[in-house]
Amino acid sequence: MIKVEFLGPIDKMPIEMEASTLADVSAKLKEDSTLIQWLDKCAVALNDTMVNDLNTSLKDGDRVSILPPVCGG
Amino acid sequence: MIKVEFLGPIDKMPIEMEASTLADVSAKLKEDSTLIQWLDKCAVALNDTMVNDLNTSLKDGDRVSILPPVCGG
Amino acid sequence: MELYDGPLDIKEIFCRWLDEEAHSNYGAYIPFVGTIRAEDDIEALSFDIYEPVLREWFDTWQEKAKALGASVKMAHSQGDVPIHTSSYISAVFSPKRRVALELIDAFVEDFKANAPIWKYDVKNGERIYAADRSTPMYGSGLLA
Amino acid sequence: MELYDGPLDIKEIFCRWLDEEAHSNYGAYIPFVGTIRAEDDIEALSFDIYEPVLREWFDTWQEKAKALGASVKMAHSQGDVPIHTSSYISAVFSPKRRVALELIDAFVEDFKANAPIWKYDVKNGERIYAADRSTPMYGSGLLA
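Sequences listed follow chains A, B, C and D, in order. In this text, residue positions in the first sequence follow the numbering used here: the first is 1, and each later residue adds one. In this text, residue positions in the second sequence follow the numbering used here: the first is 74, and each later residue adds one. In this text, residue positions in the third sequence follow the numbering used here: the first is 147, and each later residue adds one. In this text, residue positions in the fourth sequence follow the numbering used here: the first is 291, and each later residue adds one.
This is how it looks when you write it as structure tokens:
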């Protein structure tokens, strides 16, 4: 099991799922219609490190964070 | 009569001279061998406004300042 | 890197950073202070921060700065920050002017684009995500 | 524009400028602080300033800044400034980040090239003109 959490303005509780790569996570999240508006604008961190490859493999206990568009300052 | 003053590191007292344009000032200053090393690096102000034209005409009481290379900060 | 609840005490931070580097032999110190402007009838802006990723982002910049003989610092607010108070200060220290001027520009611009901080307008006590002023982080769209 | 004999009280100046513009609705405040580095065995740097031309130079920049909706400030030392103390602070205030970052760069670079200030190394109490680090002002060579 891995955990997916949604940061900042995305109003959604963390979810747990079975996934062996980020591509699996993508496929599962795309089933949720409330997330469609967010996914193309969001970046992804794996255990708090930014990642940029759908083939990134996941292991039990991993934490995937979904980061929507930012505006610090 | 106009007055020519030398700023910053140029170790020279002000001098007075007759001159109707900056070209006249240039001609007179070039007679001073101690100034040769400075003139090609120096900018010029007329009554505290920077000038950039040798034909600038001068009138009695004008003050010409010779400004050597700068390094503020 | 320093995070605070509510507005920053800019004077305290500026002066402390100055003291911290007083004998580091840097020739240039350039802070950037960000203050909340009164516009669109907002009472305040409000910020969410994801600290672990922000720390990674900052550490990467600290290494880039070190490679140039320079150093960076930053402080940011979490929660509500009223108009005319400050939510952000970052700074570059460098031996040389040119490096400092280029680094503060690159550092502040990348901060705006990639620091995991979310901004909300506060109007009538309500918190409204500033979607139109926000930028997708580097690598966005991976899961789309 | 402020001139002082000896080192600047950077904290006082930074904080006073912050207060002065606290309600001007600027979003960005970028100071540039210049500090004397220990190098080449100097004890201090020393500065001559020709104030009337400096004031003209500064006023021209204040107009340029105003045209961008921004504002500039500066303070500089005259006479001796010991190592690890500061001789220079300038600052930009602007509604917008991009304008502020570009303006502080242009303002500081033009200051280095065209502000009528002469720098001397102080070694063993002697004042030596920093000829090799100095730049001929715009229009130099007119009389050569």
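Here a beta-carbon is modelled for each residue, glycine too, at the ideal position from N, C-alpha and C.
Residue i at chain A interface by Cβ criterion, 8 Å
i	result
residue 171 of chain C	no
residue 217 of chain C	no
residue 241 of chain C	no
residue 150 of chain C	no
residue 183 of chain C	no
residue 285 of chain C	yes
Delimiting residues of the alpha helix (DSSP H) encompassing residue i
i	result
residue 205 of chain C	197-213
residue 97 of chain B	95-102
residue 255 of chain C	243-260
residue 36 of chain A	36-39
Nonlocal neighbours in the same chain, by C-beta distance under 7 Å from residue i, ignoring five residues either side
i	result
residue 196 of chain C	262
residue 274 of chain C	266 and 267
residue 31 of chain A	none
residue 335 of chain D	326, 371, 377, 409, 410, 411 and 412
Cutoff 8 Å: residue i Cβ touching any chain D Cβ
i	result
residue 313 of chain C	Residue coverage of chain C in this structure runs from 147 to 290, which leaves residue 313 of chain C outside it and unanswerable.
residue 82 of chain B	yes
residue 164 of chain C	yes
residue 230 of chain C	yes
residue 288 of chain C	no
residue 179 of chain C	yes
residue 118 of chain B	yes
residue 358 of chain C	It is not possible to answer for residue 358 of chain C, since the shown part of chain C is limited to 147 through 290.
residue 93 of chain B	no
residue 147 of chain B	The structure shown does not extend to residue 147 of chain B, since chain B is modelled only from 74 to 146, so the question has no answer here.
residue 134 of chain B	no
Min CB distance residue i to chain E below 8 Å
i	result
residue 297 of chain D	In the structure shown, chain E cannot be found, because the protein chains are A, B, C and D.
Residue i Cβ short of 7 Å to the ligand GDP heavy atom set
i	result
residue 286 of chain C	Annotation note on the ligand GDP: not contained in the displayed structure, which lists no ligands.
Enclosing beta strand (DSSP E) for residue i [first to last residue]
i	result
residue 381 of chain D	376-384
residue 416 of chain D	416-419
residue 137 of chain B	136-140
residue 216 of chain C	That residue, residue 216 of chain C, is in no beta strand (DSSP E); it is neither H nor E in DSSP.
residue 49 of chain A	49-51
residue 77 of chain B	75-79
residue 183 of chain B	With chain B represented from 74 up to 146, any question about residue 183 of chain B goes unanswered, as that position is not in the structure.
residue 44 of chain A	43-46
residue 12 of chain A	First-last for residue 12 of chain A: undefined, no H or E at that position.
residue 263 of chain D	Not covered by the structure: residue 263 of chain D. The range shown for chain D is 291 to 434.
Own chain, CB closer than 8 Å to residue i, minus 5 neighbours either side, in chain order
i	result
residue 18 of chain A	1, 2 and 24
residue 60 of chain A	1 and 2
residue 423 of chain D	409
residue 331 of chain D	413
residue 429 of chain D	none
residue 16 of chain A	1, 2, 3 and 4
Same chain, Cβ closer than 6 Å to residue i, five either side skipped, listed in chain order
i	result
residue 283 of chain C	260
residue 167 of chain C	239
residue 425 of chain D	403
residue 123 of chain B	none
residue 63 of chain A	3 and 47
residue 361 of chain D	355 and 383
residue 295 of chain D	368 and 369
residue 348 of chain D	291
residue 35 of chain A	29
Residue-chain proximity (residue i, chain B), Cβ-Cβ < 8 Å
i	result
residue 408 of chain D	yes
residue 348 of chain D	no
residue 402 of chain D	yes
residue 291 of chain D	no
residue 412 of chain D	no
residue 381 of chain D	no
Residue i at chain C interface by Cβ criterion, 8 Å
i	result
residue 13 of chain A	no
residue 49 of chain A	yes
residue 301 of chain D	yes
residue 334 of chain D	no
residue 391 of chain D	yes
residue 58 of chain A	no
residue 319 of chain D	yes
residue 41 of chain A	yes
residue 26 of chain A	yes
residue 395 of chain D	yes
residue 365 of chain D	no
Is it a yes or a no for the region 89-102 of chain B touching the region 407-417 of chain D, going by three-plus beta-carbon pairs under 8 Å? no
Within the region 293-329 of chain D, note down every full beta strand (DSSP E) run reaching 3 residues or more, in order along the chain. For the region 293-329 of chain D, whole beta strand (DSSP E) runs of length 3 or above, ordered along the chain, are 318-325.
Could you check whether the region 366-373 of chain D touches the region 345-356 of chain D, counting it as contact only if at least three pairs of C-beta atoms, one from each stretch, sit closer than 8 Å? Result no; under three Cβ-Cβ pairs closer than 8 Å.
Across the region 49-68 of chain A and the region 304-311 of chain D, are there enough close Cβ pairs to call them in contact, namely three or more that are closer than 8 Å? no
Between the region 165-175 of chain C and the region 308-315 of chain D, do three or more beta carbon pairs fall short of 8 Å? no
Please confirm if the region 355-368 of chain D is in contact with the region 291-299 of chain D, defined as three or more CB-CB distances below 8 Å between the two stretches. yes
Quick one: any contact between the region 104-120 of chain B and the region 385-402 of chain D, if contact means 3 or more CB pairs under 8 Å? no
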